[in-house]
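Protein chains in written order, with the numbering used here: chain A, 1 to 209; chain B, 210 to 418. These notes concern the structure reproduced below.
2 protein chains.
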Amino acid sequence: MRTANVQRQSDRRTEILDAAERCFSRLGFHQASMQVICAEAGMSPGNLYRYFPSKEAIIAGIAERNRAEAAANFAAAGKVDDFFGGLANLARHYLVERSPEEIGLCAEIMAESRRNPEIARIYGNVDKDVRAGLVGILRGAAECGEISPDLDLERAVICILALGDGIEWRRAVDPSFDPETVLPMVLKMVECLLTHPPAGQANETEKPR
Amino acid sequence: MRTANVQRQSDRRTEILDAAERCFSRLGFHQASMQVICAEAGMSPGNLYRYFPSKEAIIAGIAERNRAEAAANFAAAGKVDDFFGGLANLARHYLVERSPEEIGLCAEIMAESRRNPEIARIYGNVDKDVRAGLVGILRGAAECGEISPDLDLERAVICILALGDGIEWRRAVDPSFDPETVLPMVLKMVECLLTHPPAGQANETEKPR
Chain A
1 MRTANVQRQS
11 DRRTEILDAA
21 ERCFSRLGFH
31 QASMQVICAE
41 AGMSPGNLYR
51 YFPSKEAIIA
61 GIAERNRAEA
71 AANFAAAGKV
81 DDFFGGLANL
91 ARHYLVERSP
101 EEIGLCAEIM
111 AESRRNPEIA
121 RIYGNVDKDV
131 RAGLVGILRG
141 AAECGEISPD
151 LDLERAVICI
161 LALGDGIEWR
171 RAVDPSFDPE
181 TVLPMVLKMV
191 ECLLTHPPAG
201 QANETEKPR
Chain B
210 MRTANVQRQS
220 DRRTEILDAA
230 ERCFSRLGFH
240 QASMQVICAE
250 AGMSPGNLYR
260 YFPSKEAIIA
270 GIAERNRAEA
280 AANFAAAGKV
290 DDFFGGLANL
300 ARHYLVERSP
310 EEIGLCAEIM
320 AESRRNPEIA
330 RIYGNVDKDV
340 RAGLVGILRG
350 AAECGEISPD
360 LDLERAVICI
370 LALGDGIEWR
380 RAVDPSFDPE
390 TVLPMVLKMV
400 ECLLTHPPAG
410 QANETEKPR
């Protein structure tokens, strides 16, 4: 009985987070009120507040879910024998396969984090985790000789994520944009950075290769 | 007398747009009310409405100013003998030298354009102009043999702008981020795309070089 209860609570949380994602994406953080989210989730305010006491708590729940998913995706990418193949899978998943709602939600969270300290804290933590995960993947690839051993990994990850964020923003503001059409170019830019880092951003104590 | 009047009106418009930029960047589009903008510009609502009847009109004014500035910057970059030097100047101007207020304002306009059709129309027009300007610069470089003649210019410009947007977003959400630290990597990614486009996104009727 207790297991069934825990499962039911977990399902309910998932339903609420799914409903909130749709509301935030469609209406923006401010106009997606707790009432609107209740209606979308088909539950009473009293019931919803038992699970999440605020919109910030809902965003934290969504962020936690995304973070767990990212960790699983990074682990899978790190296990692929062909490093650039694994990276291409990640890029396709994040840039092409995610739904317009997921893309819209990310845009909303980024925008809101500029003014809402609690959202900034949540977003900052996810960003830190994602960067650390990517740095880990790149470190493994550098050790295997698949990418340049001289690369400044932290900076490279910022550039790679910036390119991904920019593609996502284009999707978020232009529904007619098809990210599939630019995926080969995106991958080429990343591959080039990882295999031929610019002089002066490599480890300068070593000789250029 | 008439010339002095026109000049005074133009100065007043500039002051209002500057004040509005600061308000939108600091408070966001929704919380930056016309009253707040009046206070920041040091003028009465009646006076401000004579120049701009709505926040959308102010955004249109800011966009028009940015568009004119971009056109001038692109023209200057197109005249530099060293194509990649001109491109590096553009990148430094847009990614490093712009103030936090300008960066914040761009973030706000992008976010707001997701839901406000009038802002989406203004933003879409600027985006179209900027893309056409960059395509023009790249076309000139391709004709001079400075970049690959096989590049799909429209798609390349989308990737270049996405990378720039992503760097700007990182500035917008993380005030401690110094874009100077990644500029060489950003330029390397762009140079690589322009000189070695991925197979399959080149003009496929020609042989690979």
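By construction, the Cβ of each residue, glycine as well, lies at the ideal position given by its N, Cα and C atoms. All of these numbers come straight from a predicted model, not from anything done at the bench.
Assigned exposure category for A:N66 - 16 Cβ within 10 Å defines buried: By the Cβ neighbour-count rule, A:N66 is buried, with 16 or more other Cβ atoms within 10 Å of its own.
Please determine, among A:M185, A:I147, A:H196, A:A4, the residue with the shortest C-alpha to C-alpha distance to A:L95. The residue from A:M185, A:I147, A:H196, A:A4 with its alpha-carbon nearest to that of A:L95 is A:M185.
Nearest-angstrom Cβ-Cβ length linking A:R131 and A:V173, presumed shorter than 8 Å: Taking the Cβ atoms as the reference, A:R131 lies roughly 24 Å from A:V173, outside the contact range of under 8 Å.
Rounded C-alpha distance that separates B:F283 from A:P45: B:F283 and A:P45: Cα-Cα distance of roughly 54 Å.
Identify which residue in A:A41, A:E64, A:D11 has its Cα closest to the Cα of A:G124. Relative to A:G124, the option among A:A41, A:E64, A:D11 whose CA is nearest is A:E64.
In three-state terms, what does DSSP make of B:S219? B:S219: helix per DSSP, three-state reduction.
In the DSSP assignment, find the unbroken alpha helix (DSSP H) run with B:G294 in it and report its ends. Per DSSP, B:G294 belongs to the alpha helix (DSSP H) from 292-300.
In the region 314-358 of chain B, which residue ranges form an unbroken alpha helix (DSSP H) of at least 4 residues, counting only runs that do not cross its ends? Taken in chain order, the whole alpha helix (DSSP H) runs of length 4 or more contained in the region 314-358 of chain B are 326-352.
Using three-state DSSP, classify B:R380 as helix, strand or coil. Assignment of B:R380 by DSSP, reduced to helix, strand and coil, places it in the helix class.
Mind the definition here: the region 339-354 of chain B touches the region 282-302 of chain B only if three or more C-beta pairs lie below 8 Å; say whether that holds. As far as the Cβ criterion goes, the region 339-354 of chain B touches the region 282-302 of chain B, which means the pair count is three or higher.
Can you round the beta-carbon distance between B:G375 and A:D165 to whole angstroms, since I take them to be within the 8 Å contact cut? The Cβ separation is near 4 Å, so the contact holds.
Interface residues of the region 376-394 of chain B facing chain A [CB-CB below 8 Å]: Taking 8 Å as the Cβ-Cβ cut-off against chain A, the residues of the region 376-394 of chain B that qualify are I376, W378, R379, A381, V382, D383, F386, T390, V391, P393, M394.
Buried or exposed for A:D127, please, with buried defined as at least 16 other CB atoms from any protein chain shown within 10 angstroms of its CB. Counting Cβ neighbours within 10 Å, A:D127 comes out buried, since at least 16 surround it.
How many Å lie between A:A202 and B:P358 at the Cα? Bear in mind that the predicted position of A:A202 carries a pLDDT of just 48, short of 50, making it unreliable; the figure below should be weighed with that in mind. Computed Cα separation, rounded: 30 Å.
If the cut is a Cβ gap below 8 Å, which residues of chain B does A:A132 touch? Per Cβ cutoff of 8 Å: no residues; A:A132 is ~15 Å from chain B at best.
Within a Cβ cutoff of 6 Å, which residues of the same chain sit near A:F24, ignoring the five residues on either side of it in sequence? Same-chain partners within the cutoff: A32, L105, E108.
Closest by CA to A:V135, which one among A:A77, A:F52, A:C192, A:E118? Taking only the C-alpha atoms, the option nearest A:V135 is A:A77.
My output table needs one value for B:P309: the three-state DSSP class, helix, strand or coil. If DSSP states are grouped into helix, strand and coil, B:P309 belongs with the helices.
Given B:M398, which residues of its chain have a CB within under 8 Å of its CB, disregarding the five upstream and five downstream residues? Excluding positions up to five away in sequence, the list reads L372.
Buried or exposed, going by whether 16 or more other CB atoms sit within 10 Å of the CB of B:S219? Using a 10 angstroms sphere on the CB of B:S219, the tally of other CB atoms stays under 16, which defines it as exposed.
Nearest by alpha-carbon distance to A:M110: which of A:I147, A:M34, A:F29 is it? When only C-alpha atoms are compared, the closest one is A:F29.
Span of the alpha helix (DSSP H) around A:A32: Under the DSSP assignment, A:A32 falls outside any alpha helix (DSSP H); it carries neither an H nor an E label.
Using the beta-carbon count (16 or more within 10 Å), is B:A250 buried or exposed? B:A250 comes out buried.
Measuring only the C-alpha atoms, how far is A:T195 from A:I147? Their Cα atoms are separated by approximately 5 Å.
According to DSSP, simplified to helix, strand and coil, what is A:G42? Coil.
Please name the residue, chosen from A:G61, A:V182, A:F177, A:R155, that lies closest to A:T14 on a Cα-to-Cα basis. Comparing alpha carbon positions, the residue from A:G61, A:V182, A:F177, A:R155 closest to A:T14 is A:G61.
Cutting at 7 Å between CB atoms, please list the residues of its own chain near B:H302, excluding the five before and the five after it. In the same chain as B:H302, and ignoring 5 residues on each side of it, the C-beta atoms closer than 7 Å to its own belong to N282, in chain order.
Counting only beta-carbon separations shorter than 7 Å, does B:R323 have a partner in chain A? The beta-carbon of B:R323 is placed less than 7 Å from the nearest beta-carbon of chain A.
Using the Cα positions of A:E112 and B:R235, report the straight-line distance between them to the nearest angstrom. Just so you know, the alpha carbons of A:E112 and B:R235 end up roughly 12 Å apart.
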